[in-house]
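Okay, so the sequence shown: first residue is 3 according to the working numbering, each after it adds one.
Note that the Cβ used here is the ideal one computed from N, Cα and C, for glycine as well.
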Amino acid sequence: MRRMAKRRHFIMQDYSDNTILIAGIRDGKHEAYGYLFATYYPRLHNYAMRFLADSDSADDFERLYLN
Numbered sequence: 003m004r005r006m007a008k009r010r011h012f013i014m015q016d017y018s019d020n021t022i023l024i025a026g027i028r029d030g031k032h033e034a035y036g037y038l039f040a041t042y043y044p045r046l047h048n049y050a051m052r053f054l055a056d057s058d059s060a061d062d063f064e065r066l067y068l069n
């Protein structure tokens, strides 16, 4: 008797709606965290760079607010 492999289907959630994004983060979904980081990290870094003199200080600022 041959065994049939179980297929796993993954459904990609659309996290462009912030309500769904926050719900995904609350539920511990890693892809929601990834979307949050990919979407907001560049903006946060640019914002921090406007006020801080160097990239290391901007990174410290980001870590403070993302942790």
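Pairing M51 with A40 gives a Cβ-Cβ distance that is not under 7 Å. If you draw a 10 Å sphere on the C-beta of A55, you find fewer than 16 other C-beta atoms in it, and that means exposed. One alpha carbon belongs to E64, the other to Q15, and they sit about 26 Å apart. Ranking E33, I22 and S57 by CA distance to the CA of P44 puts S57 first. Straight through space, the alpha carbons of K31 and H47 are spaced by roughly 24 Å.
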